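As they're listed, the protein sequences go chains A and B.
Take the first sequence: its letters are residues 561 to 1006, numbered as in this note's numbering.
Take the second sequence: its letters are residues 173 to 481, numbered as in this note's numbering.
A short write-up of the structure that comes next.
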Amino acid sequence: MAKSHVSRRGVLKGAAAVSAVGLAAPFVRGAHAAGKLAVGFWDHWVPNANNGLTKLCNEWAAKEKVEITIDYITSQGNKNLLTIAAESQARSGHDLLAFPTWQPADQARHLEPVDDIMTELIKQNGKVNATVEYLGRSSGKWIAVPATPGSQIKGPCTRIDLLKQHAGIDIQAMYPAGAAPKADGWNMETFLMAAEKCHKAGVPFGIGLGQTSDSVDTAGAIFNSFGAALVDGKGNVVVKSDPVRQALDYYKKLIQYLPADVAAWDDASNNKWLVSGKGALIMNPPSAWAVAKRDAPQIAEQLWTHGMPAGPKGRYAPFLPYFWGIWNFSKNKPAAKSLLVHLSRKESAEALVAASGGYDLPSFANFTTFKTWAEESPPKGTLYHYPNPHDHQILSVTASQAPPKIAAQIYTQAIPTKMAVRHAQGEPMEKTLDWAAAECEGFSRT
Amino acid sequence: MVDAATGAAGISVGARRPSLHKLFQRKSTIAFLMALPLILLISLLVVYPAFYSLHLATLNKSMERFVGLGNFEFLFKRQTFWMVVEQSVLFAVTAVVFKALIGFFVAHFVHAIPSKGQRKWRGMLLVPWVIPPAMSTLAWFWLFDPSYSAFNWIFTKVGLGTIPFLGDAYWARFSVILVNVWFGAPFFMIMYLAALKSVPEQLYEAAAIDGASWWQRLWYVTLPMMRNIISITVLFSLIVTFANFDIVRVLTAGGPIDQTHVFATWAFKLGIESGDIPLGACVSLFMLPILGLSAVFILRDINKRGNEA
Chain A
561 MAKSHVSRRG VLKGAAAVSA VGLAAPFVRG AHAAGKLAVG FWDHWVPNAN
611 NGLTKLCNEW AAKEKVEITI DYITSQGNKN LLTIAAESQA RSGHDLLAFP
661 TWQPADQARH LEPVDDIMTE LIKQNGKVNA TVEYLGRSSG KWIAVPATPG
711 SQIKGPCTRI DLLKQHAGID IQAMYPAGAA PKADGWNMET FLMAAEKCHK
761 AGVPFGIGLG QTSDSVDTAG AIFNSFGAAL VDGKGNVVVK SDPVRQALDY
811 YKKLIQYLPA DVAAWDDASN NKWLVSGKGA LIMNPPSAWA VAKRDAPQIA
861 EQLWTHGMPA GPKGRYAPFL PYFWGIWNFS KNKPAAKSLL VHLSRKESAE
911 ALVAASGGYD LPSFANFTTF KTWAEESPPK GTLYHYPNPH DHQILSVTAS
961 QAPPKIAAQI YTQAIPTKMA VRHAQGEPME KTLDWAAAEC EGFSRT
Chain B
173 MVDAATGAAG ISVGARRPSL HKLFQRKSTI AFLMALPLIL LISLLVVYPA
223 FYSLHLATLN KSMERFVGLG NFEFLFKRQT FWMVVEQSVL FAVTAVVFKA
273 LIGFFVAHFV HAIPSKGQRK WRGMLLVPWV IPPAMSTLAW FWLFDPSYSA
323 FNWIFTKVGL GTIPFLGDAY WARFSVILVN VWFGAPFFMI MYLAALKSVP
373 EQLYEAAAID GASWWQRLWY VTLPMMRNII SITVLFSLIV TFANFDIVRV
423 LTAGGPIDQT HVFATWAFKL GIESGDIPLG ACVSLFMLPI LGLSAVFILR
473 DINKRGNEA
């Protein structure tokens, strides 16, 4: 059997030859020289909206020489939440993920701080509202960047004709296209009166009181407009207060003018209500209008998206931002940050808004007047007031007076809508408050 | 001395070989080896997650600290938790009782059909059970839909009022139980039919000669002969119904105001949607002692009867 001898001299000779070849070879910059990046975005329900995002990512990847892999993860069946939970547990998965409203706070200790890019983005694009700061910052640091896709205001979408005919309100005059709102008279009392008249006319307002986000967002805005907080900033339960009682009394009056089964509504129910022509108003981003445009154009022609009615403590609109966050176990953080900067530029935000037909909402102050919102039709200007261009309402999220980890549970457990339904179904006020206080105390568990 | 030691070692090695050979020739060893892939798969997909969830249940909300039974202590003080316990028991027991009763009677009807036409009836009656429940529940959701219920459309057409199937707590509970019964009754039917077919005809003939009525034949012949299969089916269904997720999730998602939540949907709500995985794990583990105790009692009863026989 022949034996091969490897001598010390032979090894040294070989190593020298390899080094010489390596040093002599010219530097070739490969197609993916800046490494790989795996991203998971929210799977948009507006057809073709994902394509706009993919295009922007591919442009960036080609320029930066990064091999990018994009997964679109649906929120149907909470698949995105399951993915976030699984990746956070496994400390492995995508480098960058889309995080729904409450998730950045929940995953704060697993997220890479992004103060460096947020400081620059705010300088470039204008400031973000208090709700974005509340949700996207933790322990004084930015932990996520507000995303355009998925972010939405869930204000009223009204039937122009029905509101005029039955309640005598000209909503287009209150919220004229291309001009500032003249909506001083649009308050909770006017809203209640309009709800009553439309109910009598057989076209009730379709405001859900179920446990899904549309219902909870509306309840949160109404509670906020009465100054009703369930838990304060220090985590103290403050359910038993006059503003909470006032908000519940208001809801009790409102519920009698809503469809009988609103307690079972989900996020599709209000859309169906409006598109079918059964109701005069819902609280929703323009997705219901987009569906009507496709399936019931005669109804879409009569829809107008506008601001919320004002309450005793101000005019609050339900706002639900999405975020992009980078896991702290990501293997390519610089590339992830570079991509987020690219996606947050004005041109990118405008392209994303256009791709979603005006549904998506950038969170930066300078990005509320894109031409998509001004020009979308029918009727022309129907989405003009959707992004709050005149800053006439406070963009808020339910229970935002509480620390985010407690507020997230108040939100996901739908405490405000459950309180409203319990009280409206005849439960004494104090019993409802006791129940809510007990629930909120449980949420402060660490 | 050295030789003797070597010789002893040689003997022991020689004796081990045939025993190992015998071991591999045993039917039980072959059966074990053939089942090994499945055992490994179950260990990986069932045993590991089960122990992992036990571990999770002992952690604090942020999963950084061991809290022992603190999560259970916390749960036991929650009003909503006890409501979920009550609802889960109501849901599982009511659904299993109705499934068993309907399955029993339908099995008798099918058994009475001449064997020529029986196959198509058996096939048709099994349809609800073979459709994936998430899909069939979606169809039920459309029938009960808050705004567009097909049932309510019919009621309105015939001049009756509408029913808030999913909007009212009692109707919503009725609806989830109804769908569960619709889905699960065919399983009982097919199990009972198989049991009925295995009852020897001579027993009925003997009972008829003794002048037994239809009811007496059912009580003294059919039921005793079916007891074991009834027990096993009830146990199996009780476990599956207690752990039900899809029907409640699709139909009501636990609403209105939490009044249709069962353990699995509540655990998902707490663990995944509210980001409190340890508490969610606790809720799901709460089913374990209930189901374990049921299994012990039912299986002990079956064993006892088996020994008596």
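All C-beta atoms, glycine included, are put in the ideal place defined by N, C-alpha and C.
All values derive from a computational prediction rather than experimental measurement.
Can you grab the Cα-Cα spacing for the pair residue i / residue j, in whole Å?
i        : j         : result
A:Ile713 : A:Asn608  : 21 Å
B:Thr432 : B:Phe360  : 24 Å
B:Tyr376 : B:Ala367  : 14 Å
A:Lys563 : A:Ser890  : With a pLDDT of only 43 at A:Lys563, under the threshold of 50, the placement of this residue in the model should not be trusted, and no figure is reported.
A:Asp826 : A:Asp774  : 8 Å
B:Glu245 : B:Ile214  : 31 Å
A:Trp995 : B:Ala384  : 59 Å
B:Leu241 : B:Ile211  : 30 Å
B:Ala272 : B:Val406  : 7 Å
B:Phe440 : B:Gly452  : 6 Å
B:Gly447 : A:Phe1003 : 11 Å
B:Glu445 : A:His604  : 20 Å
B:Thr119 : B:Val371  : The question about residue 119 of chain B has no answer here: the residues shown for chain B are numbered 173 through 481.
A:Leu841 : B:Asn243  : 43 Å
B:Ile362 : B:Met296  : 12 Å
A:Gln725 : A:Val606  : 32 Å
B:Met206 : B:Ser200  : 10 Å
A:Cys758 : B:Trp314  : 26 Å
B:Val218 : A:Pro845  : 42 Å
A:Ala823 : B:Phe316  : 14 Å
A:Ala585 : A:Glu647  : Low confidence applies here, because A:Ala585 scores a pLDDT of 41, under 50, leaving its location unreliable and the question unanswered by this model.
A:Gly766 : A:Glu749  : 17 Å
Along the chain, where does the alpha helix (DSSP H) that runs through residue i open and close?
i         : result
A:Leu752  : Met748 to Lys760
A:Leu912  : Lys906 to Ala915
B:Gly295  : Ser287 to Val302
B:Leu350  : Ala341 to Lys369
B:Trp438  : Phe435 to Phe440
A:Leu955  : From DSSP, A:Leu955 is part of no alpha helix (DSSP H) but of the beta strand (DSSP E) over Ile954 to Ser956.
A:Arg1005 : It is not in any alpha helix (DSSP H) - A:Arg1005 carries neither H nor E in the DSSP assignment.
A:Pro894  : Lys893 to Leu903
Which stretch, first to last residue, makes up the beta strand (DSSP E) that contains residue i?
i        : result
A:Ile713 : Val705 to Ile713
A:Ile815 : Premise fails: A:Ile815 lies in the alpha helix (DSSP H), Asp802 to Ile815, not in any beta strand (DSSP E).
A:Gly885 : Tyr876 to Ile886
A:Met843 : Leu841 to Met843
A:Trp933 : Not the beta strand (DSSP E): A:Trp933 falls in the alpha helix (DSSP H), residues Lys931 to Glu935.
A:Thr718 : Pro716 to Arg719
A:Leu863 : Leu863 to Thr865
Along chain B, in chain order, which residues have C-beta atoms closer than 8 Å to that of residue i?
i        : result
A:Leu642 : Ile444
A:Trp833 : Ser319
A:Trp995 : Gln251
Taking 8 Å as the threshold (C-beta atoms), are residue j and residue i in contact?
i        : j        : result
A:Gln667 : B:Gly427 : no
A:Leu597 : A:Leu899 : yes
B:Ser456 : B:Ser225 : yes
A:Val626 : A:Ala658 : no
A:Pro764 : A:Pro716 : no
A:Leu912 : A:Leu613 : yes
A:Leu769 : A:Phe879 : no
A:Trp833 : B:Ser321 : no
A:Ala967 : B:Ile449 : no
Along chain B, in chain order, which residues have C-beta atoms closer than 7 Å to that of residue i?
i        : result
A:Val799 : Here the premise fails: no neighbours, minimum Cβ distance about 14 Å.
A:Pro803 : Those do not exist, as A:Pro803 stays about 22 Å from chain B at its closest Cβ, beyond 7 Å.
A:Arg982 : Ile429
List, in chain order, every chain A residue whose beta-carbon is nearer than 9 Å to that of residue i.
i        : result
B:Ser456 : None at all; the shortest Cβ gap to chain A is about 14 Å.
Give the interface partners of residue i over in chain B, defined as CB-CB distance under 9 Å, in chain order.
i        : result
A:Asn638 : Phe440, Ile444 and Glu445
A:Ala968 : Ser446 and Gly447
A:Gly795 : Near A:Gly795 there are no residues of chain B at all, since even the closest Cβ is about 13 Å away, more than 9 Å.
A:Ser847 : The premise fails here: A:Ser847 is roughly 17 Å from chain B at the closest Cβ pair, so nothing lies under 9 Å.
Using a Cβ cut-off of 8 Å, pull out every chain A residue sitting near residue i, in sequence order please.
i        : result
B:Leu338 : Asp821 and Ala824
B:Ala137 : Since the first residue of chain B shown is 173 and the last is 481, residue 137 of chain B is not available in this structure.
B:Phe246 : Gly1002 and Arg1005
B:Gly426 : Gln771
Run down chain A in chain order and give the residues with a C-beta less than 7 Å from the C-beta of residue i.
i        : result
B:Asn232 : Thr1006
Quiz item: Which parts of the region 588 to 646 of chain A are runs of the beta strand (DSSP E), unbroken and 3 residues or longer, counting only runs that do not cross its ends?
Solution: 596 to 602 and 627 to 633
Quiz prompt | Any beta strand (DSSP E) of 3 or more consecutive residues that is wholly inside the region 641 to 684 of chain A | solution = 656 to 659
Self-check item: Entirely enclosed alpha helix (DSSP H) segments - the region 365 to 439 of chain B, minimum 4 residues
Solution: 373 to 381, 386 to 389, 395 to 414 and 418 to 423
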